[in-house]
Amino acid sequence: MLTGQPGAVGTAPDLVGIVVFAISGAPMAIRRDFDIVGIVMLAVATALGGGIIRDLVLGDTPPVAFARWDYLLVPLVAAAVAFVAHPELQRLSLTLLVFDAAGLGLFCVVGTVKALEHGLSPLSAAILGVITAVGGGVLRDVLARETPALVRPDSELYAVPAVVGAGIVVALWELGAYSTALGLAAAAAIFAVRCLALRHHWRGPRAWRRVGAA
Amino acid sequence: MLTGQPGAVGTAPDLVGIVVFAISGAPMAIRRDFDIVGIVMLAVATALGGGIIRDLVLGDTPPVAFARWDYLLVPLVAAAVAFVAHPELQRLSLTLLVFDAAGLGLFCVVGTVKALEHGLSPLSAAILGVITAVGGGVLRDVLARETPALVRPDSELYAVPAVVGAGIVVALWELGAYSTALGLAAAAAIFAVRCLALRHHWRGPRAWRRVGAA
Amino acid sequence: MLTGQPGAVGTAPDLVGIVVFAISGAPMAIRRDFDIVGIVMLAVATALGGGIIRDLVLGDTPPVAFARWDYLLVPLVAAAVAFVAHPELQRLSLTLLVFDAAGLGLFCVVGTVKALEHGLSPLSAAILGVITAVGGGVLRDVLARETPALVRPDSELYAVPAVVGAGIVVALWELGAYSTALGLAAAAAIFAVRCLALRHHWRGPRAWRRVGAA
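Right, dumping it as structure tokens:
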């Protein structure tokens, strides 16, 4: 997976990311009192939205999410689990945030590498990697009519670790030093920064409020 | 149309679906006090959004909606009609819901068959068919800043009949028994279930509220 | 740029449009108290959203916005400028509206011509040109959870000048009379009508309210 070409083994981390993202999408639908269709819609959008946007941009159609039936099955199962077990999931919300951080790291590295393999420039590849990682969550929030958690000043850093991780991957790639092991290390770094941000309530800066300015 | 390759005759049902979806999009714009641009935007998005998403996912570019000028003309005319005749349209709202149910059935079957012809797996094809049928309405609601009618618990079943119909189509296809006549029958089944849901106020289930659970 | 194939010189007007659109996207993020990630997201979406939608529809992947790294760099720099200098930008808001009108004209003509070069029919090309021009702003408003300025009845005409300009371009093209100079003239006409609409508070018509109608 970390080379962008899913193989028999390589898709495992990808599917792990899809599971945790799907599980993070379903509870919002339940909180907003959506019916079963809404639960499935948010689970699918959260889990697969980022990868679908990435593949449409790269012209890799149909997107992996539609080319492989297991990619669609996973969020369907996650939605069914959330439908029944949502009280248990709510009690596990901290655990889910940790899994979500793992998904963030994995999706970001996979997306960046796939973009580089398609010949995108380092800057474009890094941004597409970040979009891969955060796109599903933004799509979920737009569909549920929430202000995207990504941009709320009371949210802990989410995109910033992904930006840093994508930057590391493109730097390694340009130096010819990229390997799957180093890609996993970059994903782990994103995971670690995100978890630290959650623990210490690190927030993203807002626009400068200067004295005397309107 | 029901083989996914629009021919001289085959596009007629497709255009019927576009007409009713366009007409269902414009009144929301009028209720929300949008200007003429907003009326056109919601009519076009509702009528063509699902098909455009389907074609982008399948890599069939430009989407049929842009490759054929009549597909764009229809919602423009519908928006013009709604602009003038919206009081009459409001009095016909029950009739419009019936036409909308017909569009739901036709779009779902067309989308599923086109996805199967492009080699998608049965599960992927069924889901893309459902997205074709409901995508325009979701896009309309997102643009108009409404909670998608698709997921509101007080909405009658909308996606569920489409899921069932898409399942019938892929089962027939896998058995080698699919024909245009059976496709039309599946569309009619979707239409019938949707009309029954409207008549008897069938609702989609919400997440289980178990005794003693948070 | 006005032939749809960006060359060394030809991209200059394109980049001008991207700069002004990016700068128009960032202040909304600041007003809504988004953090730095939100400022960048709205700047990028506003500046590049319309062109990305155009290129996805035309099947020209990766979109120019991702194929050329400078297209992404421009909104990043604009977001950084807005992050620091937003009080000054707010004082320049009228100036920014004038620049935005220039971007509207340029994007509309570029989008229409590119669609014609890809073989779209005149109607489809004109509509895709308008989508290119207004798509970024709609995406910005959807992400920021605002009713799209495009459709609010208290907004001055925005899409209407673009529709007229796109119509002129396709008419010239069909007559075989299109040239870069005339394309620039059409962009200037869009710019002029938009500025007149701002100055005289021209509004788009809302649906007819007839006496005695519901």
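Chains as they are written, first to last, in our numbering: chain A, 5 to 218; chain B, 5 to 218; chain C, 5 to 218. No residue lacks a Cβ here, since even glycine has one placed at the ideal position from N, Cα and C.
- Take V68(A), set aside five residues on each side of it, and the residues of its chain with a beta-carbon closer than 7 Å to its own are P10, G55, D59 and Y75, in chain order.
- Counting the other Cβ atoms within 10 Å of the Cβ of H122(A) gives 16 or more, which makes it buried.
- Distances from the alpha-carbon of L108(A) to those of V138(A), V48(A), K118(A) and R210(A) put V138(A) closest.
- Residue-level contact check: L154(C) does not touch chain A, since none of the beta carbons of chain A fall below 8 Å from its beta carbon.
- A30(A) and A105(A) do not touch by the CB rule: their CB atoms are close to 18 Å apart, not below 8 Å.
- C-alpha of V88(A) to C-alpha of I22(A): approximately 19 Å in a straight line.
- Residue contact check for M32(B) against chain C: no CB pair falls below 8 Å.
- With a beta-carbon spacing of about 15 Å, L93(B) and V44(B) fall beyond the 8 Å limit used to define contacts.
- For F38(B), there is no enclosing alpha helix (DSSP H), as DSSP marks it with neither H nor E.
- Of all C-beta pairs linking the region 130-147 of chain B to the region 45-53 of chain B, three or more are shorter than 8 Å, placing the two stretches in contact.
- Neighbours of I40(B) in chain C, taken as residues at a C-beta separation under 7 Å, are given in chain order as G208 and P209.
- By the 16-neighbour rule on beta-carbons within 10 angstroms, W212(B) is exposed.
- Taken in chain order, the complete alpha helix (DSSP H) segments of 4 or more residues contained in the region 46-101 of chain B are 68-71 and 73-95.
- For R144(A), the uninterrupted alpha helix (DSSP H) run begins and ends at P126 to L147, by DSSP.
- Distance between T99(A) and C199(C), taken at the CA atoms: about 54 Å.
- Here E160(C) is bridged, per DSSP, to R207(C).
- In this structure, the alpha-carbon of V155(C) lies about 20 Å from that of A26(C).
- Look at T116(C) here: in three-state DSSP terms it is helix.
- Residue environment for L132(A): buried (at least 16 other C-beta atoms within 10 angstroms of its C-beta).
- Non-local C-beta neighbours of L124(C) in its own chain, meaning closer than 7 Å and more than five positions away in sequence, comprise L132, ordered along the chain.
- Distance from the CA atom of V117(A) to the CA atom of Y182(A), rounded to whole angstroms, is 9 Å.
- Listed by position along chain C, the residues whose Cβ is nearer than 8 Å to that of G63(A) are G63, T65 and P66.
- The three-state secondary structure of E121(B), taken from DSSP, is helix.
- Listed in chain order, the non-local C-beta contacts of P165(C) below 6 Å within the same chain comprise I194, V197 and R198, local neighbours out to five positions each way being set aside.
- I27(B) is outside the set of residues whose beta carbon lies under 8 Å from a beta carbon in chain C.
- Neighbours of H90(A) across chain B, judged by C-beta separation under 7 Å: A211.
- Out of L202(A), H205(A), R210(A) and A189(A), the CA that lies nearest to the CA of L110(A) is found in A189(A).
- Around the Cβ of D158(C), a 10 Å sphere holds fewer than 16 other Cβ atoms; the residue is exposed.
- With respect to chain C, the C-beta atom of A201(A) has no partner C-beta closer than 8 Å.
- The beta carbon of A153(C) sits closer than 8 Å to those of G141, D145, S159 and Y162, all from its chain and outside the five residues before and after it, given in chain order.
- Interface with chain B (8 Å Cβ-Cβ cutoff): D37(A) is included.
- L127(C) belongs to the set of residues whose beta carbon lies under 8 Å from a beta carbon in chain B.
- Residue-level contact check: I22(B) does not touch chain C, since none of the beta carbons of chain C fall below 8 Å from its beta carbon.
- Within the same chain, G139, G140 and L143 come within 6 Å of G53(C) by CB-CB distance, once the 5 residues on both sides are set aside.
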